[in-house]
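Residue numbers (the numbering used here): -11 to 374. Just so you know, even glycine gets a beta-carbon here, dropped at the ideal spot from N, CA and C. Structure first, commentary second.
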């Protein structure tokens, strides 16, 4: 087992619960970070009444979106530089689309207002005076990238949007030297889940400027913590709920599950289909176990690994098909070696690092991630060319 040392600490002020490196070639140095903070009930909430007693307001879920740039060739001790911050409703999940849409990278957010938001990554410009070129006027100069709102869709009233996934995981997976593009017969879709236990299938138009709800259905009795596509057959989606159930669905017949698994003993909160190998699915739960499945037989998992912490998120490495990264509550992160998919797994790296705000690449330089508190460690693989 190998470890890692801290490269940089970043204070996100609010609790960070989602980090995502942009997967697109030429933009993989950009990192988005989403935060979530519930304002405490004992904090002053507003004006006082005439009798001198405080008027209590409903608790508010605060959020902030950060965009960072990683300067890999910079010898500075602070290579991660903030380039943008934007106050939002609390962010529960976010994912970059795996392919460019209308020439732009798109970031999807699931927020506490019950909405799915799409933001477009655009080049930003700055007015600068260049006397050697334009001695009598200012000129515009490209200075980096900024995220700008593109579209938004409310899922339901009085719910929290808890997760989202893009249908492009396989067609947009990173390959040496290029990215596979979506074909015309593959519509761009998003699957999302909410706090009422529902799943929502959304369609994104070719410009990314419009979100359309295709179907919604009740998937779980309690919170549907996670929803994810089968990247090889995108009409199939999976969901996990606080009821401890893992379910599969065919979106062509929404509302009728293909299977229900009770193999996890507590709420299922993380699912990801492998973008490299068909039929391979990984799931994680509050029961502190990660299960590896062959989707052709969902009665019994291929492997079962305890990780000493509820598994908030899991993600396959963009290049190395056998590496799975897990963000575990209370025990930091784990990297699992799934080389022998039909046998036992090996944890190849681990690190709780309580209280650290930034976690570095492992010894192989595979990932960099942000954290916030000892309870949950958000992370993301840094998609570097192999």
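Whole angstroms is fine: what's the gap from residue i's alpha carbon to residue j's?
{"i": "residue 251", "j": "residue 276", "result": "12 Å"}
{"i": "residue 79", "j": "residue -5", "result": "25 Å"}
{"i": "residue 1", "j": "residue 88", "result": "31 Å"}
{"i": "residue -7", "j": "residue 308", "result": "22 Å"}
{"i": "residue 178", "j": "residue 266", "result": "20 Å"}
{"i": "residue 258", "j": "residue 226", "result": "10 Å"}
{"i": "residue 93", "j": "residue 55", "result": "13 Å"}
{"i": "residue 112", "j": "residue 253", "result": "48 Å"}
{"i": "residue 342", "j": "residue 19", "result": "Reliability of the predicted coordinates at residue 342 is poor, the pLDDT of 37 falling under 50, and no value is obtained from them."}
{"i": "residue 218", "j": "residue 285", "result": "14 Å"}
{"i": "residue 6", "j": "residue 81", "result": "6 Å"}
{"i": "residue 201", "j": "residue 191", "result": "6 Å"}
{"i": "residue 197", "j": "residue 85", "result": "14 Å"}
{"i": "residue 306", "j": "residue 174", "result": "21 Å"}
{"i": "residue 241", "j": "residue 109", "result": "34 Å"}
{"i": "residue 292", "j": "residue 256", "result": "14 Å"}
{"i": "residue 246", "j": "residue 278", "result": "21 Å"}
{"i": "residue 91", "j": "residue 199", "result": "18 Å"}
{"i": "residue 321", "j": "residue 11", "result": "21 Å"}
{"i": "residue 302", "j": "residue 53", "result": "21 Å"}
Taking 7 Å as the cut-off, decide whether the C-beta atoms of residue i and residue j are in contact.
{"i": "residue 98", "j": "residue 183", "result": "no"}
{"i": "residue 189", "j": "residue 239", "result": "yes"}
{"i": "residue 375", "j": "residue 315", "result": "The chain is shown only over -11 to 374; residue 375 falls outside these bounds and no answer can be derived."}
{"i": "residue 47", "j": "residue 27", "result": "yes"}
{"i": "residue 103", "j": "residue 142", "result": "yes"}
{"i": "residue 208", "j": "residue 236", "result": "no"}
{"i": "residue 71", "j": "residue 14", "result": "no"}
{"i": "residue 215", "j": "residue 260", "result": "no"}
{"i": "residue 135", "j": "residue 107", "result": "yes"}
{"i": "residue 193", "j": "residue 210", "result": "no"}
Give me, in chain order, the residues of the same chain whose beta-carbon lies closer than 7 Å to that of residue i; leave out the 5 immediate sequence neighbours on both sides.
{"i": "residue 59", "result": "67, 69"}
{"i": "residue 17", "result": "57, 58, 60"}
{"i": "residue 77", "result": "49, 51, 99, 100, 101"}
Looking only at its own chain, which residues have a Cβ that is under 8 Å from the Cβ of residue i, when we skip the five neighbours before and after it?
{"i": "residue 83", "result": "8, 95, 96, 152, 153, 154"}
{"i": "residue 65", "result": "-4"}
{"i": "residue 25", "result": "2, 3, 49, 50, 51, 78"}
{"i": "residue 220", "result": "158, 261, 266, 267"}
{"i": "residue 145", "result": "102"}
Leaving out five residues on either side along the sequence, give the residues of the same chain with a beta carbon under 6 Å from the beta carbon of residue i.
{"i": "residue 105", "result": "97, 140"}
{"i": "residue 186", "result": "204, 206"}
{"i": "residue 268", "result": "262"}
{"i": "residue 248", "result": "233, 235"}
{"i": "residue 243", "result": "205"}
{"i": "residue 195", "result": "90"}
Judging by CA-CA distance, which residue of the options is the nearest neighbour of residue i?
{"i": "residue 157", "options": "262, 133, 322, 279", "result": "262"}
{"i": "residue 287", "options": "74, 233, 264, 111", "result": "233"}
{"i": "residue 294", "options": "284, 269, 306, 323", "result": "323"}
{"i": "residue 327", "options": "223, 201, 264, 145", "result": "264"}
{"i": "residue 270", "options": "241, 204, 313, 196", "result": "313"}
{"i": "residue 273", "options": "242, 320, 213", "result": "213"}
{"i": "residue 223", "options": "203, 231, 210", "result": "203"}
{"i": "residue 376", "options": "75, 146, 144", "result": "Limits of the chain in this structure are -11 at one end and 374 at the other, which puts residue 376 out of reach."}
*Residue ranges of each beta strand (DSSP E) within the segment 208 to 260, 3 or longer*: The segment 208 to 260 contains these whole beta strand (DSSP E) runs: 212 to 217, 224 to 229, 234 to 238, 245 to 249.
*Which ranges would you report for the beta strand (DSSP E) in the segment 259 to 327 if only whole runs of at least 3 residues count?*
If we require 3 residues or more, the beta strand (DSSP E) runs fully inside the segment 259 to 327 come out as 268 to 273, 277 to 282, 291 to 294, 299 to 304, 311 to 316, 320 to 325.
*Which runs of the alpha helix (DSSP H), 4 residues or longer, sit entirely within the segment 75 to 100?*
Within the segment 75 to 100, no complete alpha helix (DSSP H) run reaches 4 residues.
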